[in-house]
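Report on the following structure.
Number of protein chains: 2
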Amino acid sequence: MATIYEVSKLAGVSLATVSRVMNNNANVSDATREKVTRAMTELGYRPNSIAQSLASNCSNSVGLLVSELQGPFYGPMMSGIETAFRKQSKHVIIAAGHSDEEREQQAIEFLISRNCDGLILHVEAISDDYLIELSKGKTPFVLINRYIEELSSRCIILDNVKGGYLAAKYVLEQGHTDIAYISGPLWKKDAQDRLAGHKQALAEYNLNFNEQLLYQGDFMEDSGATGFQHLHNNAPQFTALICANDEMATGAMATAREYKIKLPEQLSIMGYDNVFFTRHISPPLSTINYPISAMGRMAADWVLSNVYHKNTSPLQTLFEPELIIRQSVLAIPQ
Amino acid sequence: MATIYEVSKLAGVSLATVSRVMNNNANVSDATREKVTRAMTELGYRPNSIAQSLASNCSNSVGLLVSELQGPFYGPMMSGIETAFRKQSKHVIIAAGHSDEEREQQAIEFLISRNCDGLILHVEAISDDYLIELSKGKTPFVLINRYIEELSSRCIILDNVKGGYLAAKYVLEQGHTDIAYISGPLWKKDAQDRLAGHKQALAEYNLNFNEQLLYQGDFMEDSGATGFQHLHNNAPQFTALICANDEMATGAMATAREYKIKLPEQLSIMGYDNVFFTRHISPPLSTINYPISAMGRMAADWVLSNVYHKNTSPLQTLFEPELIIRQSVLAIPQ
DNA sequence: ACATTAAATGTAAGCGCTTACATTTATAAC
DNA sequence: GTTATAAATGTAAGCGCTTACATTTAATGT
Numbered sequence: 001m002a003t004i005y006e007v008s009k010l011a012g013v014s015l016a017t018v019s020r021v022m023n024n025n026a027n028v029s030d031a032t033r034e035k036v037t038r039a040m041t042e043l044g045y046r047p048n049s050i051a052q053s054l055a056s057n058c059s060n061s062v063g064l065l066v067s068e069l070q071g072p073f074y075g076p077m078m079s080g081i082e083t084a085f086r087k088q089s090k091h092v093i094i095a096a097g098h099s100d101e102e103r104e105q106q107a108i109e110f111l112i113s114r115n116c117d118g119l120i121l122h123v124e125a126i127s128d129d130y131l132i133e134l135s136k137g138k139t140p141f142v143l144i145n146r147y148i149e150e151l152s153s154r155c156i157i158l159d160n161v162k163g164g165y166l167a168a169k170y171v172l173e174q175g176h177t178d179i180a181y182i183s184g185p186l187w188k189k190d191a192q193d194r195l196a197g198h199k200q201a202l203a204e205y206n207l208n209f210n211e212q213l214l215y216q217g218d219f220m221e222d223s224g225a226t227g228f229q230h231l232h233n234n235a236p237q238f239t240a241l242i243c244a245n246d247e248m249a250t251g252a253m254a255t256a257r258e259y260k261i262k263l264p265e266q267l268s269i270m271g272y273d274n275v276f277f278t279r280h281i282s283p284p285l286s287t288i289n290y291p292i293s294a295m296g297r298m299a300a301d302w303v304l305s306n307v308y309h310k311n312t313s314p315l316q317t318l319f320e321p322e323l324i325i326r327q328s329v330l331a332i333p334q
Numbered sequence: 001m002a003t004i005y006e007v008s009k010l011a012g013v014s015l016a017t018v019s020r021v022m023n024n025n026a027n028v029s030d031a032t033r034e035k036v037t038r039a040m041t042e043l044g045y046r047p048n049s050i051a052q053s054l055a056s057n058c059s060n061s062v063g064l065l066v067s068e069l070q071g072p073f074y075g076p077m078m079s080g081i082e083t084a085f086r087k088q089s090k091h092v093i094i095a096a097g098h099s100d101e102e103r104e105q106q107a108i109e110f111l112i113s114r115n116c117d118g119l120i121l122h123v124e125a126i127s128d129d130y131l132i133e134l135s136k137g138k139t140p141f142v143l144i145n146r147y148i149e150e151l152s153s154r155c156i157i158l159d160n161v162k163g164g165y166l167a168a169k170y171v172l173e174q175g176h177t178d179i180a181y182i183s184g185p186l187w188k189k190d191a192q193d194r195l196a197g198h199k200q201a202l203a204e205y206n207l208n209f210n211e212q213l214l215y216q217g218d219f220m221e222d223s224g225a226t227g228f229q230h231l232h233n234n235a236p237q238f239t240a241l242i243c244a245n246d247e248m249a250t251g252a253m254a255t256a257r258e259y260k261i262k263l264p265e266q267l268s269i270m271g272y273d274n275v276f277f278t279r280h281i282s283p284p285l286s287t288i289n290y291p292i293s294a295m296g297r298m299a300a301d302w303v304l305s306n307v308y309h310k311n312t313s314p315l316q317t318l319f320e321p322e323l324i325i326r327q328s329v330l331a332i333p334q
């Protein structure tokens, strides 16, 4: 691999001049620019961005930490982010934290030591304190799907209380009063919030929240299945089941069918996230829209604006959930 | 951020010694190792891996180029890869090529200039020649889902001809003789192969392949929808539709329903890939399994073995498709 | 006690770039 | 034709590490 030195040699100029034409920075005469360019193509020269990075202290790369690389939720998020950066020729280094504190921390350390200019973090297990401490460091970062009071300007979040509220309210409007709920793991803030919104809607309808109708899942499909099973066997009768995300709803539906329960006639089901496949399952799942791709793009814009000082459309941190009505919830006949 | 210099100062040793304890390489006495470690934690020292990279000419990171970051196909692949590398504390830099020649090429250049020690490439648009040329360079790479004769030992592929064959054979066994086919874009090798397998099965049943029953899609859901529409309006009657992947099958199914066609009673449908949501749609889709996650792990193993000289389980390049029978194909009554 | 050898540590030259500063060359003003 | 000024180019230091080689220190044998 040719180095800048060889190019300068061939072109008959100094290192600095070659560097200048690369970064088409300063004043270089057309003639020399031409010479240098020619030499570069002749040698098939490709700048070594590691070296650039070290010298300039700017890597043109941003770190992206997500919980998982697969699944209908993170895909669109990553994609939104990559697209935004690609347009500005920034590059993304990716890591998965697997909702595990140590792994998340490790990943952050790596991304920082890797000279990322900025970070986009979707972390779940790491403590607020760690992040607040991190914010005092020199690598700027933005948080997706997590709210920390002290860091509020860099938290891109969905109003999950409202989402939980919307889901429950819709089901209540259809006349249901016996509503089971499969939550996410309640140590996660979003799981808490969704449940809080749920309770709020119940309260508005003067309904008490019955703990027996609650099952705590883990946002994965299987826990929807076991959750349904548990509720079916142990809880009082219910005519509707609200799940804190679509994947658990999917699991619950599959299991309900195994119990020969007709959907949606005998049981209404509500999801959350509006993951892409919800409209393909049967019955098509009513759910709450989570504009994750847009939020990913917004996170990228945050970095573009705060780190690279590019002009972007105005930054927005709070996103609104939206009710998506399909066919999995039936009205109770009066 | 503290540098190695400050650590050496604090510990009262030379740069080299600090470097040695970092890479716990050479002979360092326990006493000095202790001193240095203490100094490191005291300063909160974190090695700058950019600098390490430049000096050692090894970045401990591998580049991963996929067509898209989202979708049920790439997610499991990326995940398999990340997991394998994480265990060996290698890191992955990701890029999306979007099936576009220029973007794929750009991405490869970036990954190389970024000093990736090795590359895992899922490319579609770039030419064989380019890749063959690339293989002469110093950055080793492995190809997923693409076969090039000259590079055969580094091509991790599925036997797509066989997959196409299995799908068609199964449908034929159910008594169908009028079978429509929605292919992938035929400039892609895998699309060609699947179709070839399809034709081969037809031939075994002494059936001619009818061009009118073929629609060329692009592997995306929408093209399944328009494909169905086209076939429904222009093609002769058919009792089964085989799609070259699950997403097109999904699109076709949705549209078929809009035409009030009962599935699977009036039309049998067959997919390909066994993407995770196929079992949730209705009717659950019969399809061909594509062990993409395993193939991702294998690609990672290839790099681990060929680049980092780690011992891995034996490398395998050819993977076998498998018929997955669910409920979307019905036997024709005799 | 002294040579011989091995272990521990230090020295300094890069890795391929960027960039402040110095120097040269061209342009303009008189 | 001089200067003054701006534009173009060159020089060299340094980014934070690794590593070949040189040097010092400790361990061993006689």
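Residue numbers (UniProt numbering), protein chains in the order written: chain V, 1 to 334; chain G, 1 to 334. Just so it is clear, CB atoms sit at the ideal spot from N, CA and C, and this is done for glycine as well.
Reduced DSSP category for residue i - H, G, I as helix; E, B as strand; rest coil
i	result
G:MET253	helix
V:MET270	strand
G:TYR259	coil
G:VAL21	helix
V:ALA180	strand
V:THR287	strand
V:PHE238	coil
V:ALA16	helix
V:PHE277	helix
V:ALA244	coil
V:GLN73	Here the sequence assigns Phe to residue 73 of chain V, which means Gln is not the residue at that position. The answer is coil: DSSP assigns V:PHE73 none of H, G, I, E or B.
G:ILE108	helix
V:GLN88	coil
Cutoff 9 Å: residue i Cβ touching any chain G Cβ
i	result
V:LYS138	yes
V:ASN24	no
V:LEU207	no
V:GLU6	no
V:GLY184	no
V:TYR259	no
Cβ of residue i within 9 Å of any chain V Cβ
i	result
G:PHE277	yes
G:ASN274	no
G:GLN70	yes
G:GLY12	no
G:THR250	yes
G:SER61	yes
G:HIS122	no
G:ARG86	yes
G:LEU54	yes
G:SER268	no
G:GLU104	no
G:PRO47	yes
G:ILE325	no
G:GLU109	yes
G:SER67	no
Beta-carbon proximity of residue i to residue j, cut-off 9 Å
i	j	result
V:ILE81	V:ARG297	yes
V:GLU265	V:LEU172	no
G:MET295	G:LEU158	yes
V:ASN274	V:ILE242	no
V:ILE144	V:LEU121	yes
V:ASP246	V:GLY271	yes
V:PRO72	V:PHE219	no
G:VAL36	G:VAL13	yes
G:PHE238	G:ALA180	yes
G:SER79	V:GLN70	yes
residue 337 of chain G	G:SER286	The displayed coordinates of chain G run from 1 to 334. Any statement about residue 337 of chain G would go beyond what the structure contains.
V:ALA235	V:ALA252	no
V:ASP193	V:GLY163	yes
G:ILE126	G:GLN316	no
Rounded Cβ spacing between residue i and residue j (contact assumed at less than 8 Å)
i	j	result
G:SER56	G:LYS90	At roughly 14 Å, the Cβ-Cβ gap does not stay under 8 Å, so G:SER56 and G:LYS90 are not in contact.
G:ALA84	G:ILE182	Actually they do not touch by this definition, with Cβ atoms about 34 Å apart.
V:ALA2	V:TYR45	4 Å
Return the chain-ordered ranges of every alpha helix (DSSP H) run that is complete within the stretch 117 to 163 of chain G and spans a minimum of 4 residues.
128 to 134
Mind listing, in chain order, the continuous alpha helix (DSSP H) runs of no fewer than 4 residues lying wholly within the stretch 185 to 214 of chain V?
189 to 204
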